[in-house]
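Colleague: Residue numbers (this note's numbering): 67 to 445.
Dropping a structure here in structure tokens format, bear with me for questions.
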Amino acid sequence: MKWFTQLNRIGWWLCLSVAPLLAWADDYRWGWNMPKGVTPLSQDIYWLHMLIFWICVIIGIVVFGVLIYSLFQHRKSKGAVAANFHANTKVELIWTIIPIVILVAMAIPATQVLSRMDDTNQADITIDVIGYQWKWEYKYMDQNIAFFSNLATPPAQIRGEEPKGEWYLLEVDRPLVLPVNKKIRFRVTSNDVIHSWWMPELGIKRDAIPGFLYEAWARIDRPGTYRGQCAELCGVYHGYMPIVVEAVSEEEFEQWVAQQKKAVVEQEAVSEQPSEWTYAQLMTEGKQQYDKYCAACHGFDGKGIPPLFPALKASSVATNPPISRHIELILHGVPGTAMQGYQDQLTDAEIAAIVTYERNAWENNTGSIVQPGDVKSLR
Ligand SMILES: [Cu+2]
């Protein structure tokens, strides 16, 4: 049986060569391993993972080595005769104590990293992260800034009518801007179903559960753009709520904060003034906002995904009077359904434009024109 001996030897060397191969893949050059990330915590997690990984590799080599050696060395064709004994206290003690020692040895560094993960004390900045179907809201608690971060990939790319961009489904209209070298505390929760805020390079993956606040933290070492995703299946457009973090220097962060505040003041000043929009303006703006905020459920063609999400084409609310019913439904949503209220997300003008668009697009042709003032009076 020479060929069998050869085969066995080859198999043996194959097993042994896998370990160095994996070591070579170590710095995720081939995308096999987890990223080292850009925070002290993500690096701790990485080293813990590698430590446990190598312990497992060594255990695997030893156990399979003994197994394969025994099979080979004591095979029947060599005239081996089975030993016939019952219970061996010494062996049993050894194979109980060694695993216990190994498990305890692994538990010590694992507990240290876990407790560091939970240490959200003395944060410089606190940010609330709120999951929605299907987008994220970020609230800077100390800076008094809040905004939604929506998927920015054009619908045509999703429908396959255009070639896909470099960051297909990993790009947003407004990234989460964070300063480097500051301890940032995240409080993660959800407005509807369970989501999960997953940022591999920050070493964070926290479930977003309605009614719970889960904490996480990061101190980012390097400026840059980091991308993540929702990691909990949360409905049909689960894949359409990516996360983008823009890490900038402290000065740039201060500038950004000042800019956001100025923009809010300006927007308030504009919305104070009564303004009249033309039909064409409302329709253009309405289509843009509808495609961004509503089309995920109600469809670009207004046909929805019945029975989950109703069609707005020829819908009773969108084609019949009173228009106030239509506006109020968008402002307050329908409690207990996926139709959320948009009063905090959209301005009067945006809602007016969307309502005008919905009442005239897709052959709804009601001829209705809704002005920002109509929305304001219903808030
Ligand atoms: Cu989600």
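Beta carbons: idealized from backbone N, C-alpha and C, even for Gly.
None of the values given here were measured: they were computed from a predicted structure.
What residue range does the beta strand (DSSP E) around A282 cover?
Modeller: Here the question's residue 282 lines up with position 216 in the sequence shown. Here the beta strand (DSSP E) through A282 covers Y280 to A284.
Colleague: Is the stretch 165-173 touching the stretch 105-113 in the sense that three or more CB pairs, one from each, lie closer than 8 Å?
Modeller: The stretch 105-113, when compared against the stretch 165-173, does not touch it at the 8 Å Cβ threshold.
Colleague: In this structure, how does DSSP classify D410 when only helix, strand and coil are distinguished?
Modeller: Along the sequence shown, one-based indexing puts residue 410 at 344. Coil, per DSSP.
Colleague: Taking contact to mean 3 or more Cβ pairs, one atom from each stretch, closer than 8 Å, check whether the stretch 253-266 and the stretch 322-336 are in contact.
Modeller: The answer is no - the stretch 322-336 does not touch the stretch 253-266, with fewer than three Cβ pairs under 8 Å.
Colleague: Using a 10 Å radius around the Cβ and a threshold of 16 neighbouring Cβ atoms, would you call H140 buried or exposed?
Modeller: Locating residue 140 in the sequence shown gives position 74, counting from the first residue. Per the 10 Å Cβ criterion, exposed.
Colleague: E320 to R293, Cα distance in whole Å?
Modeller: Translated into the one-based positions of the sequence shown, residue 320 becomes position 254. Translated into the one-based positions of the sequence shown, residue 293 becomes position 227. The alpha-carbon atoms of E320 and R293 are separated by roughly 22 Å.
Colleague: Are the beta-carbon atoms of P241 and E317 separated by less than 7 Å?
Modeller: On the sequence shown, residue 241 is found 175 positions in, with the first residue counted as 1. On the sequence shown, residue 317 is found 251 positions in, with the first residue counted as 1. Against a cut-off of 7 Å, the Cβ pair of E317 and P241 comes out as no contact.
Colleague: Can you tell me which of T255, I270, A415 and A146 puts its alpha carbon nearest to the alpha carbon of P276?
Modeller: Taking the sequence shown and counting its residues from 1, the one referred to as residue 276 is at position 210. Among T255, I270, A415 and A146, the Cα nearest to that of P276 is on T255.
Colleague: Between I393 and I417, how many whole angstroms is the CB-CB distance? I'm expecting something under 8 Å.
Modeller: Looking up residue 393 in the sequence shown gives position 327. Looking up residue 417 in the sequence shown gives position 351. The Cβ separation is near 7 Å, so the contact holds.
Colleague: Please list the segments of the alpha helix (DSSP H) lying wholly inside the stretch 381-439, counting only runs of 4 or more residues, in order along the chain.
Modeller: Counting only runs of 4 or more, we get 382-385, 389-398 and 414-426.
Colleague: Just to confirm, is the Cβ distance from R253 to E232 under 7 Å?
Modeller: Mapped onto the sequence shown, residue 253 falls at position 187. Mapped onto the sequence shown, residue 232 falls at position 166. In this structure, E232 does not lie closer than 7 Å to R253 by Cβ.
Colleague: Between H115, Q325, S136 and R272, which lies nearest to Q178 when the distance is taken from Cα to Cα?
Modeller: One-based indexing of the sequence shown puts residue 178 at position 112. The candidate whose alpha carbon is nearest that of Q178 is H115.
Colleague: What distance in whole Å lies between the Cβ atoms of N247 and R272, which are believed to be in contact at a cut-off of 8 Å?
Modeller: If you number the sequence shown from 1, residue 272 lands on position 206. If you number the sequence shown from 1, residue 247 lands on position 181. Going by Cβ atoms, the distance from R272 to N247 rounds to 22 Å, so no, they are not a contact pair.
Colleague: On the premise that M172 lies in contact with I121, defined as a C-beta separation below 8 Å, what is that separation, rounded to the nearest angstrom?
Modeller: On the sequence shown, position 55 is the one that residue 121 refers to. On the sequence shown, position 106 is the one that residue 172 refers to. Their Cβ separation, rounded to whole angstroms, is 6 Å, which keeps I121 and M172 in contact under 8 Å.
Colleague: Which same chain residues end up closer than 8 Å to E342 when comparing Cβ atoms and leaving out the 5 residues on each side of it in sequence?
Modeller: Residue numbering aside, residue 342 sits at position 276 when the sequence shown is read from its first letter. Answer for E342: Q437, listed in chain order.
Colleague: DSSP on F319, reduced to helix/strand/coil?
Modeller: On the sequence shown, position 253 is the one that residue 319 refers to. F319 falls in the helix class under three-state DSSP.
Colleague: Is M307 near ligand 1, in the sense that its beta carbon is under 6 Å from a heavy atom of that ligand?
Modeller: Taking the first residue of the sequence shown as position 1, residue 307 is located at position 241. Checking the Cβ of M307 against ligand 1 gives yes.
Colleague: Is C296 near ligand 1, in the sense that its beta carbon is under 6 Å from a heavy atom of that ligand?
Modeller: Locating residue 296 in the sequence shown gives position 230, counting from the first residue. True, at least one ligand heavy atom lies under 6 Å from that Cβ.
Colleague: Report yes if the C-beta of C363 is less than 6 Å from at least one heavy atom of ligand 1; otherwise report no.
Modeller: On the sequence shown, position 297 is the one that residue 363 refers to. No, since every heavy atom of ligand 1 falls outside the 6 Å radius drawn around the Cβ of C363.
Colleague: Please classify E232: does DSSP put it in a helix, a strand, or coil?
Modeller: Position 166 of the sequence shown holds residue 232. Here E232 sits in coil by DSSP.
Colleague: What is the DSSP secondary structure of Y292, reduced to helix, strand or coil?
Modeller: The count along the sequence shown starts at 1 and reaches residue 292 at position 226. Looking at Y292 - three-state DSSP - the assignment turns out to be strand.
Colleague: Do you know offhand how far K442's Cα is from A419's?
Modeller: By 1-based counting over the sequence shown, the position of residue 442 is 376. By 1-based counting over the sequence shown, the position of residue 419 is 353. Cα to Cα, K442 sits roughly 13 Å from A419.
Colleague: Since I believe A384 is in contact with N430 (beta carbons under 8 Å), could you give me their beta-carbon distance rounded to a whole number of angstroms?
Modeller: What you label residue 430 is simply residue 364 of the sequence shown in a count that begins at 1. What you label residue 384 is simply residue 318 of the sequence shown in a count that begins at 1. Indeed they touch by this definition, with Cβ atoms about 6 Å apart.
Colleague: Measure the Cβ-Cβ separation of L217 and Y306 and say whether it is below 7 Å.
Modeller: Taking the sequence shown and counting its residues from 1, the one referred to as residue 217 is at position 151. Taking the sequence shown and counting its residues from 1, the one referred to as residue 306 is at position 240. The answer is yes: Cβ separation under 7 Å.
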